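Trainee: Numbering (the working numbering), first residue to last: 116 to 300.
Beta carbons are placed, not taken as given, at the ideal position from N, Cα and C, and that holds for glycine.
This one's a predicted model, so the numbers in the text were calculated from it and none came from an experiment.
I'd like to ask some things about the structure below.
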Amino acid sequence: MDGDTTTPDTADAVWERVLSLREQVAGLTRTHLGVLRGDDVQGVVAVVEEITRMTATIEQGLVRQVIDQGIATDLGYKSPVPYLRDLLRITEPDAAARVRAADRFQPRTAICGEVLPPRFPRVADAQAAGVLSPGHAVVIAEALQKLPAAVDDPTRAAAEARLVQTATELDPARLRCAAKHLGAC
Numbered sequence: 116m117d118g119d120t121t122t123p124d125t126a127d128a129v130w131e132r133v134l135s136l137r138e139q140v141a142g143l144t145r146t147h148l149g150v151l152r153g154d155d156v157q158g159v160v161a162v163v164e165e166i167t168r169m170t171a172t173i174e175q176g177l178v179r180q181v182i183d184q185g186i187a188t189d190l191g192y193k194s195p196v197p198y199l200r201d202l203l204r205i206t207e208p209d210a211a212a213r214v215r216a217a218d219r220f221q222p223r224t225a226i227c228g229e230v231l232p233p234r235f236p237r238v239a240d241a242q243a244a245g246v247l248s249p250g251h252a253v254v255i256a257e258a259l260q261k262l263p264a265a266v267d268d269p270t271r272a273a274a275e276a277r278l279v280q281t282a283t284e285l286d287p288a289r290l291r292c293a294a295k296h297l298g299a300c
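Right under this line is the structure:
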């Protein structure tokens, strides 16, 4: 599967990749990391962070499926939030944040069945590439949502692109300040 960039199109293929990933991560948790020195530590820390950021996109896609397929309501829940809280043993605010992330950064399905792009496509792409953390993504989405309704789509897209680029150089707190100076909030 190395180098395979095709999207699995069967449940079995998805399960195979997820279980393989779990096995690889489990192996790393049992690895003595004290053998790493200097640049190796720095490099591995950076790659692990990139992987962590990429897995947020997977999680968002799965939450999107919970929403689109009505899994929570089929099981008697009023919404996906309490369902995710119970399934994942997380707080309700954390579950709500995951639902918001899926709504913002994953493709959506219209009532007629048409697939709509993510509300923030550049953020979604950067998260999938491991460039942005969930914190960066939230800051950008919140900043863009504060733009006046009169701002046209090309200007919004340019602001999103600029904030994504800025986020590659700043932590989320500093990005929030930069967003204010860029006029995106």
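From the DSSP output, in three-state form, read off residue 219 for me.
Mentor: Mapped onto the sequence shown, residue 219 falls at position 104. Note: residue 219 maps to helix in three-state DSSP.
Trainee: Excluding the five sequence neighbours on either side, which residues of its own chain have a C-beta within less than 8 Å of the C-beta of residue 244, listed in chain order?
Mentor: Here residue 244 refers to the residue found at position 129 of the sequence shown. 169.
Trainee: If the criterion is Cβ atoms closer than 8 Å, does the pair residue 275 and residue 235 meet it?
Mentor: By one-based count along the sequence shown, residue 275 stands at place 160. By one-based count along the sequence shown, residue 235 stands at place 120. Cβ atoms of residue 275 and residue 235: closer than 8 Å.
Trainee: Cutting at 6 Å between CB atoms, please list the residues of its own chain near residue 117, excluding the five before and the five after it.
Mentor: Here residue 117 is taken as the residue at index 2 of the sequence shown, counted from 1. For residue 117, the predicted model reports a pLDDT of 49, less than 50, meaning its position is unreliable; a value from the coordinates is still stated below. Same-chain partners within the cutoff: there are none.
Trainee: Taking residue 238 as the reference, give the member of 224, 257, 229, 230 with the closest Cα.
Mentor: In the sequence shown, the residue the question calls residue 238 occupies position 123. With distances taken between Cα atoms, residue 238 lies closest to 257.
Trainee: How about residue 217 and residue 246: do their beta carbons lie closer than 8 Å?
Mentor: Here the question's residue 217 lines up with position 102 in the sequence shown. Here the question's residue 246 lines up with position 131 in the sequence shown. No, Cβ-Cβ distance for residue 217 and residue 246 is not below 8 Å.
Trainee: Would you kindly work out how many angstroms separate the C-alpha atoms of residue 190 and residue 283, rounded to a whole number?
Mentor: Here residue 190 is taken as the residue at index 75 of the sequence shown, counted from 1. Here residue 283 is taken as the residue at index 168 of the sequence shown, counted from 1. Roughly 40 Å separates the two Cα atoms.
Trainee: Quick one, which of 164, 295, 198, 138 has its alpha-carbon nearest residue 262's?
Mentor: The sequence position of residue 262 within the sequence shown is 147, counting from 1. When each option's Cα is compared against that of residue 262, the closest is 295.
Trainee: At the level of alpha carbons, what is the spacing between residue 271 and residue 180?
Mentor: The sequence position of residue 271 within the sequence shown is 156, counting from 1. The sequence position of residue 180 within the sequence shown is 65, counting from 1. Rounded to whole angstroms, residue 271 to residue 180 spans 27 Å at the Cα level.
Trainee: Take residue 172 and list the residues in its own chain whose beta-carbon comes closer than 7 Å to its own, dropping the five residues that flank it on each side.
Mentor: Reading the sequence shown from its first residue, position 57 is the one you call residue 172. If we look at residue 172 and ignore the five residues flanking it on each side, its Cβ neighbours are 242, 243.
Trainee: Quick one: Cα of residue 136 to Cα of residue 265, how far?
Mentor: In the sequence shown, counting from the first residue as 1, residue 136 sits at position 21. In the sequence shown, counting from the first residue as 1, residue 265 sits at position 150. For residue 136 and residue 265, the distance between alpha carbons rounds to 45 Å.
Trainee: Could you tell me which of 184, 291, 128 sits nearest to residue 228, measuring between CA atoms?
Mentor: In the sequence shown, the residue the question calls residue 228 occupies position 113. Comparing Cα-Cα distances from residue 228 to each of 184, 291, 128, the minimum goes to 184.
Trainee: For residue 132 and residue 222, I'd like the C-alpha separation in whole angstroms.
Mentor: Along the sequence shown, read from residue 1 onward, the residue named residue 132 stands at position 17. Along the sequence shown, read from residue 1 onward, the residue named residue 222 stands at position 107. Residue 132 and residue 222: Cα-Cα distance of roughly 21 Å.
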